[in-house]
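Heads up, the thing below is written out as structure tokens.
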Amino acid sequence: MLSSTRLVRAVLPRVHRVPLARCLNTNAPENDTPKTTSFGFRTVPESEKETLVKNVFDSVASSSLGVHRLWKDNLISTLHVAGGTGDIALRILDHAREKYADRETTVEVVDINAQMLKEGFRRFKKTMYHNTPQISFHEANAQELPPSQFLDNTYDLYTIAFGIRNCTSIPDVLKEAHRVLKPGGTFACLEFSKVNNPLLSLAYDQYSFTMIPLMGTILAGDRESYQYLVESIRKFPPQPQFAKMIREAGFTTGEDEDGGAWTDLWGGIACIHKAVKV
Amino acid sequence: MSSSLRLLKLALPLVSEHGFTRTALANSVLHLPVPHAEPLSDSAVSALFGSGDRARKTLIHAWLDGGLESMSSTESVKDALHARLKYNEPVVSLLPEAFALLSAPESGVPPLDPLPMLKHSARIADEACHVSQDASLRLAWYTKRASLIGIYSAAELHQLTSPSTAPAFLDSLLATSNSIGSSLSEVLEFSSYVGRSWAGIIRSRGIF
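Okay, here's the thing in structure tokens:
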């Protein structure tokens with residue numbers, strides 16, 4: 001029995017020290033004219049994006065429509081973790097414990113938003129992982145992870161879920177992910193993406209731009225934040241383009257097709273991009 | 001070339017040692033110009049090549065593509081097919097399982113999928129015609145390739161059970177095919193002469 005458990009742990013994927021990154025910000029270089037970036041369909045100065053994104057997540061920190069959890073369940077088998085309120089960090093630790101009897105896996109949760117981290121910390125206090133080395137929370141910018149705290153070539157798995165589209169500079173996030181991953185480490189990103197089926201795309205657009213902001217108004221009293229969420233999804237690069245960005249950061253991916261460099265979920269409403277640092 | 005293809009190429013020489021397995025793919029990074037300290041993790045192999053048996057199928061397809069490349073340096077159909085059989089030799093014992101994996105459908109229905117193996121033989125036949133600069137047109141294009149598909153499939157099947165006699169078996173099949181081909185064309189030509197003779201006789205009798 002003990003030897004079979006050891007065999008399973010030896011052949012199945014192990015997760016050690018996984019960082020989670022969420023909201024990002026860049027400071028415009030002092031000598032240049034202010035750079036602009038997108039905030040949903042709006043163009044805003046880069047220096048303002050962080051504040052705007054923080055405001056959005058302060059608003060939604062304690063709420064969740066729950067639909068994305070269905071996709072997160074798909075991640076557990078691949079040992080992926082999302083940022084935010086520690087949802088997926090908890091699932092990864094539970095998965096490691098229940099499936100592989102692994103109590104050595106550690107997850108490091110990184111977020112630029114202190115409110116989100118507090119929410120995650122509070123959630124973890126109800127679990128067996130609180131006050132253990134398996135979970136820790138750090139406030140940091142995913143575009144510029146402090147090198148003294150997040151060393152080069154350290155982590156086996158880097159995941160980001162529903163967060164990278166809020167980042168000012170996606171290439172910088174990818175570069176940092178590449179830096180901190182060990183050779184052979186896996187990068188995984190769960191994000192809303194492009195629906196390629198025309199009929200589904202039409203229905204999805206209708207739902208996104210009418211129902212979601214309306215539900216945000218009714219449930220949270222904040223239409224603008226939910227409008228931003230919907231618009232930011234449309235601004236995010238489609239699957240092949242994002243896979244190319246991942247490769248440009250130095251990663252190796254599978255072929256540019258569904259089931260290769262990415263896996264579409266629900267026709268592309270969400271998508272998991274995976275890559276390896278070789 | 002994408003980097004995952006680069007790792008696939010590095011994994012091919014490892015097939016004889018590790019088989020068509022995820023281990024071969026994982027160990028490919030040990031043969032990089034700057035090798036990794038340890039093989040890829042299972043999740044990394046899944047991320048690059050697919051989960052479960054999909055990764056193994058990816059490796060098998062890459063190996064089959066390598067087989068086509070091994071034929072490119074030849075100039076005749078016979079040499080091309082011999083080169084392809086020779087490519088099989090280091091991994092002959094692994095091929096039955098590899099072909100079975102390719103033929104196993106992902107959904108389970110139908111219980112066996114013959115298309116991958118047909119495609120495998122068809123690609124080899126087409127490559128053999130290409131390297132020999134075959135100039136067949138129309139129906140002859142298809143019959144030539146169909147004939148080579150049958151010949152190569154039979155030779156490869158023979159190789160799985162008796163590797164040492166496979167080259168001689170291939171030669172005998174090619175010789176038989178050539179003699180059948182020439183006999184068939186002679187029969188067709190003789191038949192056309194007979195037909196024309198009868199047409200002439202009938203016209204001379206004034207029947208039509």
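Residue numbers (the working numbering), protein chains in the order written: chain A, 1 to 278; chain B, 1 to 208. Glycine included, each C-beta is placed from N, C-alpha and C at the ideal position. On a predicted model such as this, the values are computed, not experimentally measured, just so you know.
DSSP on residue i, reduced to helix/strand/coil?
i, result
"T165 of chain B", "helix"
"S269 of chain A", "In the sequence as displayed, the identity of residue 269 of chain A is Ile instead of Ser. Residue state, collapsed to three classes: coil."
"P35 of chain B", "coil"
"R6 of chain B", "helix"
"A89 of chain A", "helix"
"A28 of chain A", "At A28 of chain A, the pLDDT of 41 sits below 50, so the modelled position is not reliable and the matter cannot be decided from this model."
"A188 of chain A", "strand"
"I233 of chain A", "helix"
"N141 of chain A", "strand"
"S59 of chain A", "Bear in mind that a pLDDT of 48 at S59 of chain A, under 50, signals an unreliable position, so the number given afterwards is only what the model happens to contain. Looking at S59 of chain A - three-state DSSP - the assignment turns out to be helix."
"E189 of chain B", "helix"
"E255 of chain A", "coil"
"P198 of chain A", "helix"
"K274 of chain A", "strand"
"A161 of chain A", "strand"
"T21 of chain B", "coil"
"E108 of chain A", "strand"
"Y129 of chain A", "coil"
"D264 of chain A", "strand"
"I202 of chain B", "helix"
"P238 of chain A", "coil"
"S76 of chain B", "coil"
"T43 of chain A", "strand"
"P171 of chain A", "helix"
With 8 Å set as the bound, which would you pick, yes or no: does the beta-carbon of residue i sit closer than that to a beta-carbon of chain B?
i, result
"P147 of chain A", "no"
"D102 of chain A", "no"
"V107 of chain A", "no"
"K194 of chain A", "no"
"K274 of chain A", "yes"
"V81 of chain A", "For V81 of chain A, the predicted model reports a pLDDT of 35, less than 50, meaning its position is unreliable; a value from the coordinates is still stated below. It does not: the Cβ of V81 of chain A has no partner Cβ on chain B nearer than 8 Å."
"T217 of chain A", "no"
"N74 of chain A", "Residue confidence for N74 of chain A is low, a pLDDT of 36 falling below 50, so the modelled location carries little weight and cannot support an answer."
"V173 of chain A", "no"
"T252 of chain A", "yes"
"T186 of chain A", "yes"
"V278 of chain A", "yes"
"D297 of chain A", "Residue 297 of chain A lies beyond the residue range present for chain A, which begins at 1 and ends at 278; the question has no answer from this structure."
"S62 of chain A", "Because the pLDDT of S62 of chain A is 38, which lies under 50, any placement of that residue in the model is unreliable, and the question is left without a value."
"D156 of chain A", "yes"
"G259 of chain A", "yes"
Check whether the Cβ atoms of residue i and residue j sit closer than 8 Å, and answer yes or no.
i, j, result
"E97 of chain B", "P163 of chain B", "no"
"A80 of chain B", "V34 of chain B", "no"
"A270 of chain A", "E191 of chain A", "yes"
"A166 of chain B", "A155 of chain B", "yes"
"A62 of chain B", "L12 of chain B", "yes"
"V110 of chain A", "H130 of chain A", "no"
"I149 of chain B", "A122 of chain B", "yes"
"Q134 of chain A", "T168 of chain A", "no"
"C189 of chain A", "H95 of chain A", "no"
"F49 of chain B", "G254 of chain A", "yes"
"I60 of chain B", "L101 of chain B", "yes"
"A140 of chain B", "V77 of chain B", "no"
"E231 of chain A", "G86 of chain A", "no"
"D280 of chain A", "S41 of chain B", "The displayed coordinates of chain A run from 1 to 278. Any statement about residue 280 of chain A would go beyond what the structure contains."
"A161 of chain A", "I88 of chain A", "yes"
If residue i sits next to residue j, beta carbons under 8 Å apart, how far is it from one beta carbon to the other, in whole angstroms?
i, j, result
"T252 of chain A", "S4 of chain B", "6 Å"
"W262 of chain A", "Q239 of chain A", "5 Å"
"P116 of chain B", "S136 of chain B", "P116 of chain B to S136 of chain B, Cβ: 26 Å. No contact."
"D134 of chain B", "K144 of chain B", "6 Å"
Does the beta carbon of residue i sit closer than 8 Å to a beta carbon anywhere in chain A?
i, result
"H120 of chain B", "no"
"S164 of chain B", "no"
"G50 of chain B", "yes"
"H18 of chain B", "no"
"L40 of chain B", "yes"
"S4 of chain B", "yes"
"L7 of chain B", "yes"
"A104 of chain B", "no"
"A11 of chain B", "no"
"S43 of chain B", "yes"
"P24 of chain B", "Pro is not the amino acid found at residue 24 of chain B; the sequence shown has Ala there. For A24 of chain B, the answer is no, since every Cβ of chain A falls outside 8 Å of its Cβ."
"A47 of chain B", "yes"
Along chain E, which residues have their Cβ under 8 Å away from the Cβ of residue i?
i, result
"P183 of chain A", "Chain labels in this structure do not include chain E; the protein chains are A and B."
### Message
So, does the segment 206–226 of chain A touch the segment 136–154 of chain A, judging by three or more C-beta pairs under 8 Å?
### Response
no
### Message
Taking 8 Å as the cut-off, does the segment 35–47 of chain B touch the segment 183–190 of chain A (at least 3 CB pairs, one atom from each stretch)?
### Response
Result yes; three or more Cβ-Cβ pairs closer than 8 Å.
### the segment 122–136 of chain A in contact with the segment 146–157 of chain A per 3-pair CB rule at 8 Å
no
### Message
Check whether the segment 40–50 of chain B and the segment 12–26 of chain B are in contact - that is, three or more C-beta pairs closer than 8 Å.
### Response
yes
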